[in-house]
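A.B. asks: Numbering-wise, the sequence shown is residues 215 to 333 according to the working numbering.
Virtual Cβ for every residue (Gly too), placed ideally from N, Cα, C.
Here the structure is a predicted model, which means the values were calculated and not measured.
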Amino acid sequence: AWSFVAEAFFLAQYAMHVALVPTSHHMAFQMGVHKLQVQQMGGHVEHHTLYCMQASYAAHLLVPATLQLSLDLMRLQVAWLTQLAALAPPHAQRAFEAVPAFVLYDMADWLTWVARMKP
Numbered sequence: 215a216w217s218f219v220a221e222a223f224f225l226a227q228y229a230m231h232v233a234l235v236p237t238s239h240h241m242a243f244q245m246g247v248h249k250l251q252v253q254q255m256g257g258h259v260e261h262h263t264l265y266c267m268q269a270s271y272a273a274h275l276l277v278p279a280t281l282q283l284s285l286d287l288m289r290l291q292v293a294w295l296t297q298l299a300a301l302a303p304p305h306a307q308r309a310f311e312a313v314p315a316f317v318l319y320d321m322a323d324w325l326t327w328v329a330r331m332k333p
């Protein structure tokens with residue numbers, strides 16, 4: 215039986231999975247597409263244009279309140295996963311099998327992106 219807290223926790227993880235993490239990937243994709251388009255037309259990529267694209271995405275993704283909430287969620291997830299790892303082997307294995315793989319991948323992607331964008 216799921217509890218309200220477990221469902222809210224999963225929804226927060228899923229929100230990261232469908233919103234913030236994909237948007238950070240979309241930024242890199244759009245910058246790459248822009249570079250290719252300019253190069254195919256025989257032009258030179260203006261760093262100012264790429265900087266403006268990056269700054270536009272960062273302005274939305276790195277709003278201080280959103281960033282703080284996302285980092286708080288990451289800390290909570292790490293504490294939660296640490297508690298799961300402390301369980302006895304058969305219980306720990308079952309607990310980890312219930313954790314969606316995207317949780318770990320998204321944590322790594324998001325923290326790497328934030329570290330690059332806002333050191």
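Mind checking which residues open and close the alpha helix (DSSP H) that includes Met241?
C.D. replies: First-last of the alpha helix (DSSP H) with Met241: Val235 to Gln254.
A.B. asks: Within a Cβ cutoff of 7 Å, which residues of the same chain sit near Met245, ignoring the five residues on either side of it in sequence?
C.D. replies: Result list for Met245: Leu264, Met267 and Gln268, in chain order.
A.B. asks: Are Leu281 and Val317 touching if we call contact CB-CB under 8 Å?
C.D. replies: Not closer than 8 Å, so no.
A.B. asks: What do you get for Met255, buried or exposed, if any count of 16 or more other CB atoms within 10 angstroms of its CB means buried?
C.D. replies: Under this definition Met255 is an exposed residue.
A.B. asks: Per DSSP, what kind of secondary structure is Pro173 in: helix, strand or coil?
C.D. replies: Only positions 215 to 333 of the chain appear in the structure, and residue 173 is not among them; the question remains open.
A.B. asks: Does DSSP classify Pro314 as helix, strand or coil?
C.D. replies: Coil at Pro314, not helix or strand.
A.B. asks: What is the rounded straight-line gap between the Cα of Arg330 and the Cα of Trp324?
C.D. replies: Their Cα atoms are separated by approximately 10 Å.
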